[in-house]
Every structure is written in structure tokens, then in C-alpha cells.
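In the numbering used here, the protein residues as written are 24 to 171.
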């Protein structure tokens, strides 16, 4: 069991992931809260589910729950640096789906609902999958405890 936990929480040393991890985590958590709870002027779960169904992402309610949960809970995990790699992997898939289904046809720029912002979040997520949470993360603390 120690080996499994160690693999899931493994991280590379360094502070290079701290700023992108916290910034992306806050952005993801806020966007997830909009989808799930209607916070921050969001539409909430039912309206998000209806919108997803209307653009062909079916079943709308399940997809809204999955996307909102990945963003909200994944974002919180990134902020803490807990289970960073699995959270970032879930967010990577979420951003690929968002980029392809919602933003790609609108061109690059965010002003036209394009994919530039989704691409930036995707790049951060992929980077965190490979690097982990870094030196200032709960993952690092767990790994230190496992090696004692």
C-alpha cells in the first residue's frame, strides 16, 4: 500500500510548479463552482447540464457533474498540492474536451470564445502531470513521511 501511495503522490523537488499550480487551481475551482453551485455568477448544475446537452455533450447532467467536479475538486487539490498528478490528469482530459467541443471552432482568441485560455490551462495541467506538486505540496509531505 505504501508503494501505491508513494507512486500516486510522487513529485519532483522544486518551486517551479507552485505558482502555476495555485493559479490554475484557483481558476479551475472557481469555474467548477460556477458549473456545480452557480457561484461567481455561474449558471449552476441544471443550466450547465442543459447547455452541455444542447451542444451534443450527452448525457448533459452526467457530463456537467463530471466536468464541474473535475474542475472544482481538482482545482482544490491543485491548490493544496494533494494528489496533484491524478487531479492534473483529470483536468487535462476536461480541458481537451472543452477545447475541442466548445472553443476550437471559435479561433484562437478568448475574446471570440476561442481556445487560447483553454490551451493555457491544458498546458499547465499537462506540466503538473509530469512534474507533480513540487516541494511545497501536501504530496511532498506524504512522500517524506513514507520514506521514514
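Even glycine gets a Cβ: it sits at the ideal position worked out from N, Cα and C.
Owing to the predicted nature of the structure, the values given are computational and were not obtained by experimental measurement.
Asked	Found
Would you identify the three-state DSSP class for residue 81, choosing helix, strand or coil?	coil
Would you please state the rounded distance, in angstroms, between the beta carbons of residue 78 and residue 86? I believe it to be under 8 Å.	Between residue 86 and residue 78 the Cβ distance is about 10 Å, and since that is not below 8 Å, they are no contact.
Hey, could you find the ends of the alpha helix (DSSP H) residue 58 is sitting in?	41-60
Is residue 104 near residue 161, with beta carbons less than 8 Å apart?	yes
DSSP state of residue 131, grouped into three classes?	coil
So, helix, strand or coil for residue 21, using DSSP?	Beyond the ends of the chain as shown, which are 24 and 171, falls residue 21; an answer cannot be given.
Out of 50, 110, 92, 166, which one is the CA nearest neighbour of residue 149?	110
Please report the Cβ distance between residue 90 and residue 117, rounded to the nearest whole angstrom; I am assuming they are in contact, meaning their Cβ atoms lie under 8 Å.	6 Å
Give me, in chain order, the residues of the same chain whose beta-carbon lies closer than 6 Å to that of residue 163; leave out the 5 immediate sequence neighbours on both sides.	34
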